[in-house]
Each structure stands twice: as C-alpha cells, then as structure tokens.
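In my numbering, the protein residues as written are -18 to 291.
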C-alpha cells in the first residue's frame, strides 16, 4: 500500500472521525449502521464490488465471533481454553498475528492480554453502563501484564493462551477490519468502524477522502491510508477510570497524552500507534512516530495540543 497522501487540516465540523466527502461529484454511495456497539459508515464511488448489506452482515458475523462479551464466541472459547492448543479460524489467526506484531513494534505498550486488568478496573459489560450502574474497581490486586509473546503462541492454524490470561482484541480488530471493508468495496472506498477510518483511492474529488478530526479540529485528506484516534475521555467511569490499560502497571494509563490521532499506512497501524502514544506518553513520541507506516499525528496533552509537520 502506498503512503497516504496528506493535506494540512482545514476547518470542518465537530463530529467524530468519519468519512466526510465534500461533494458527490463522482457518484458516492453511502451506508451507515451500528455494529460492535458503535457507529459504522462506509462509502464508495460507483457500485460497490460487494453490496453494502453483505458487507454489513460480514461485520456482524465478525462481531459475533470475536466479542469478549459473548460467552460462545471464538475469542471467548480461546480465553477459556486453559492453556490447550486450539484450532482457530483463518480470521482469528490473522488477528492474533497482527496483535503479536503490534506488541513487538510498540515495545509492549499495546498488549491485547490486558483483559483481566480491564475487568478488574470495572469494564465487565459492553459499553455504555446502564443508568445507575457502578463500574468501580474490583478488589482484585492489579499487576503488570506479562508480554503478549510470553503468554500467546501460534503454530500452523493453532493458538495457545497460557492459563490465567485472557485477550481483548476489539480496538485492534476494528482497525484491521476497516482495511478489509475498503478492500471488499472496491478500488475507491472509505470505511469508519467506530472512528477507525480506512481510505482507498482518489475519493469524491480525486484528491482522496476527507476525514474529520475529533473535536472539530479540521480534516485530513487521505488516499490509500488510515486514521485512528485513541483517548481517555470517551469511555470513562468511576474515579478517573477508563478503558486504555497500561500493561506496565495493569491500571488505566495516566500519561500526559490524553488523546492521539495517527495517520498511517493501514488501519491496524494507525490503531496500535494511537493507543501506544496515549499509554506511553511524550517519552515514547520520538521513537514510536518513526516506526514504519506511521505518517502523521496529532496529540492532545494535559497542557497543549501538538501535531506533526507532515
């Protein structure tokens, strides 16, 4: 995939990251639905290679198979496997390979084995909490999360997860599947899965697909690339608790970066890089943003906002 074509931000609206073509001069078709408990949108110029309703059904099937909130999902069965080697689907094997790679390139900051820590922090049911529901921390002692490479093994079409560990790959999966959606739709398409945006082709104006940045901070125009935003403000509960677990402590991260938007060559890369920036904070910025595939970033710190010059 060629590096994304970027343009400096221009003023846009304040809705979350999404596909946002400025006009329909090239015949843009669109579809919106709710999957994974979040808003999903995709668009393409001309007729999609795979019909929109079929793409939506594929995503719903992935949600059923990979949700940690569904007791009989493929992910839940792996989490409950007790250290046995399990035959996994091609899609699961690919996701686990991507997760292992993300753990390595992020120096352990992105680790899908944080589920026990996430549960201990109170995130035990799908978002959002019911009215009046208490999601406070549980009394279990939280501790650093072992490196993913030490608890998860792959061989052939099998996977083994050591006893006492469990995976939550939801965020990384959405970045990966956003890339899949644009591949299914055709050579000129864009998709947003809960704000993980992947773009392919010249878009409605021939320059790329305009993607709105969160908080009304502008748009970036992306061609053959992706955008993802991670932050601690949206999914919060209790006394400063949130869903981004720092594997080094086993607790919700408390770095000086509260939100990170990353533009990258793929959705999976944009997702893990934005998550790692929020968890690792300013100390990891120099080396992490130099990783292959990371093309641009915008950070909200506790005291200021900063963006790359790209």
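Quick reminder that beta carbons are idealized off the backbone N, C-alpha and C, glycines included.
**OP:** May I ask you to report which of helix, strand or coil DSSP gives residue 10?
**Re:** strand
Original post:
Could you check where the alpha helix (DSSP H) with residue 267 kicks off and where it finishes?
Top reply: 266 to 269
Subject >> Residue of 250, 212, 251 minimising C-alpha distance to residue 236 >> reply: 212
**OP:** Kindly give me the distance between the Cβ atoms of residue 100 and residue 133, rounded to whole angstroms, as I take these residues to be in contact under 8 Å.
**Re:** Contact doesn't hold; Cβ gap of about 18 Å is too wide.
Subject >> Endpoints, alpha helix (DSSP H) assigned at residue 66 >> reply: No alpha helix (DSSP H) holds residue 66; DSSP gives it neither H nor E.
Original post:
Can you tell me where the alpha helix (DSSP H) with residue 259 in it begins and where it stops?
Top reply: 248 to 261
Subject >> Opposing strand residues paired with residue 23 [DSSP bridges] >> reply: 12, 172
Original post:
Leaving out five residues before and five after residue 144 in sequence, what residues of the same chain have Cβ atoms less than 6 Å from its Cβ?
Top reply: 63, 64
Original post:
Out of curiosity, what's the CA-to-CA distance linking residue 241 and residue 261?
Top reply: 11 Å
Subject >> residue 61 in three-state terms, based on DSSP >> reply: coil
**OP:** Let me know the secondary structure DSSP gives residue 46 once reduced to three states.
**Re:** helix
Subject >> Exposure of residue 136, with buried meaning 16 or more beta-carbon neighbours within 10 Å >> reply: exposed
Original post:
For residue 37 versus residue 175, is the C-beta distance shorter than 8 Å?
Top reply: no
**OP:** Rank 90, 150, 264, 179 by C-alpha distance to the C-alpha of residue 164 and give the top, closest one.
**Re:** 179
Original post:
If you pair each beta-carbon of the region 39 to 55 with each one of the region 182 to 202, do three or more pairs fall below 8 Å?
Top reply: no
**OP:** Determine the burial state of residue 281: buried for a count of at least 16 other Cβ atoms within 10 Å of its Cβ, exposed for fewer.
**Re:** buried
Subject >> 7 Å Cβ shell around residue 273 - same chain, five flanking residues per side excluded >> reply: none
Original post:
Does DSSP classify residue 156 as helix, strand or coil?
Top reply: helix
Subject >> Environment of residue 139 [buried if 16+ CB atoms lie within 10 Å] >> reply: exposed
Original post:
Taking Cβ to Cβ, would you say residue 177 is nearer than 8 Å to residue 96?
Top reply: no
Original post:
If residue 209 and residue 277 are in contact, beta carbons under 8 Å, what's the gap, nearest whole angstrom?
Top reply: 12 Å between Cβ atoms; not a contact.
Original post:
Across which residues does DSSP place residue 206 in a beta bridge pair?
Top reply: 180
Original post:
Helix or strand or just coil, what does DSSP make of residue 54?
Top reply: coil
**OP:** Look at the alpha carbon of residue 162 and the alpha carbon of residue 43, and state the distance between them as a whole number of angstroms.
**Re:** 12 Å
Original post:
Is it buried or exposed for residue 91, if we count other Cβ within 10 angstroms and need 16 for buried?
Top reply: buried
Original post:
If we ignore side chains and look at the alpha-carbon of each, how far apart do residue 11 and residue 248 end up?
Top reply: 20 Å
Original post:
What does a CB cutoff of less than 7 Å around residue 255 pick up in its chain, not counting 5 residues either side in sequence?
Top reply: 209, 210, 211, 241, 242, 243
**OP:** Consult DSSP for residue 135 and reduce its assignment to one of helix, strand or coil.
**Re:** strand
Original post:
Can you round the beta-carbon distance between residue 9 and residue 166 to whole angstroms, since I take them to be within the 8 Å contact cut?
Top reply: Between residue 166 and residue 9 the Cβ distance is about 11 Å, and since that is not below 8 Å, they are no contact.
Original post:
Grouping DSSP H, G and I as helix and E and B as strand, with all else coil, what is residue 90?
Top reply: coil
Subject >> 8 Å Cβ cutoff met for residue 246 and residue 206 >> reply: yes
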